[in-house]
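Everything in the sequence shown is counted per our numbering, starting at 2 for the first residue and increasing by one.
Ideal Cβ positions, reconstructed from N, Cα and C, are used throughout, including at glycine.
Model, not experiment: these values are computed from the prediction.
I have placed the structure first, in the form of C-alpha cells, so that the comments after it can refer back to it.
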Amino acid sequence: MRPRNRFPLLFVVFLACTATACRPAPVAPADAAASPAAGPADSVASDALLAHGEYIVRIGGCNDCHTPGYAQRGGDVPKDEWLTGSPLGYHGPWGTTYASNLRLTIANLDEAQWLAYTANLHTRPIMPDFMLRAMREHDRRAIHRFVRSLGAAGRPAPAALPPGQLPPPPYFELVAPAPGAPRPERQQAAGGQVPVL
Ligand code: HEC
Numbered sequence: 002m003r004p005r006n007r008f009p010l011l012f013v014v015f016l017a018c019t020a021t022a023c024r025p026a027p028v029a030p031a032d033a034a035a036s037p038a039a040g041p042a043d044s045v046a047s048d049a050l051l052a053h054g055e056y057i058v059r060i061g062g063c064n065d066c067h068t069p070g071y072a073q074r075g076g077d078v079p080k081d082e083w084l085t086g087s088p089l090g091y092h093g094p095w096g097t098t099y100a101s102n103l104r105l106t107i108a109n110l111d112e113a114q115w116l117a118y119t120a121n122l123h124t125r126p127i128m129p130d131f132m133l134r135a136m137r138e139h140d141r142r143a144i145h146r147f148v149r150s151l152g153a154a155g156r157p158a159p160a161a162l163p164p165g166q167l168p169p170p171p172y173f174e175l176v177a178p179a180p181g182a183p184r185p186e187r188q189q190a191a192g193g194q195v196p197v198l
C-alpha cells in the first residue's frame, strides 16, 4: 500500500515546483565580467559553438595530420598539443608538404579572415582542401572559435619542399603510376601484382 501512496505526493510536489518556487535561478555566464553585454543565452551559444568546433576538429580528421603523433597515440593526445603542426612529410609528385601549425595560423586570422580564407582554400596534397571549401560556414566558424580558445602554441611546421627533392625522414611517399602504365584492375584481372595506388 505504501508505495502506491507516494506517487500522488510526488506529483503534487512536481506541480508546486513547476509553478514558481523550484525554478532554478539563472546561471551567471562565466565571462559576464569580461563582457557585461553578454547574457546567459549568449554564453550558452558560445559554449555550444566551442564544443561543436572541438567535435569537428576531432571527427573531421584535422588532428590526424595536423597534430604530431595523433594516430600513433591512438588519439590520446592532450588538447594543448592539438594542431601544432607535424614534422611528418607527405612526399609525391607535388614535392613534400607538411601539415601546418593551425594554432599559429588561426591566432593570426580573425574570424572573418578565417571564413574568407577557408571558403576558398587551395593547397597542395594531401590536405583535403575540398573538405574545408565544402564545409558549412557555421562549422568553419566553430573550428576558429575552438582553435582560438586553445591559444597560439608550438613552432611552424617545416617548409614544403619542391618536386624532385627527397625529404629527410620521417615521410610518407606516394608512388604514382608511370604515364601509360596499365591500370591496377587490369593487372589484377591478369593475376599480376596490384600496386598500392
Ligand atoms: C590527410 C592529412 C590532412 C588532413 C586530414 C587535414 N589536413 Fe590541413 N593540411 C595538410 C597538409 C599536408 C597541409 C599543407 C599543404 C601545403 O603545404 O600546401 C595542410 C594545410 C592546411 C591549411 C593551409 C595552411 C595554413 O595553416 O593556413 C589549412 C587552413 C588546413 N590545412 C586546415 C585543416 C583543417 C581545419 C582540417 C580538418 C577539417 C585539416 N586541415 C585536415 C594535411 C591535412
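Distance, residue j Cα to residue i Cα
i: residue 204; j: residue 122; result: The requested residue 204 does not occur in the structure, where the chain is confined to residues 2 to 198.
i: residue 99; j: residue 180; result: 26 Å
i: residue 45; j: residue 51; result: 10 Å
i: residue 127; j: residue 171; result: 16 Å
i: residue 60; j: residue 167; result: 32 Å
i: residue 72; j: residue 108; result: 25 Å
i: residue 82; j: residue 48; result: 21 Å
i: residue 177; j: residue 125; result: 15 Å
i: residue 139; j: residue 119; result: 12 Å
Sheet register partners of residue i (DSSP bridge)
i: residue 162; result: 97
i: residue 172; result: 90
Contacting residues, own chain, Cβ-Cβ under 7 Å from residue i (five flanking each side not counted)
i: residue 36; result: Low confidence applies to residue 36: its pLDDT is 47, below 50, so where it sits in the model is not reliable enough to give any reading.
i: residue 144; result: 54, 57 and 58
i: residue 116; result: 138, 141 and 142
i: residue 150; result: 51
Outcome for residue i when other beta-carbon atoms lying within 10 angstroms are tallied against a minimum of 16
i: residue 74; result: exposed
i: residue 137; result: exposed
i: residue 147; result: buried
i: residue 12; result: Confidence at residue 12 is low in this model, with a pLDDT of 37, below 50, so the placement of that residue should be treated as unreliable; the coordinate-derived value is given next. So residue 12 ends up on the exposed side.
i: residue 184; result: exposed
Close beta carbons around residue i, own chain, < 6 Å, minus the five adjacent residues each side
i: residue 101; result: 86 and 158
i: residue 89; result: 171
i: residue 69; result: 87
i: residue 92; result: 168, 172 and 174
i: residue 156; result: none
i: residue 154; result: 85 and 104
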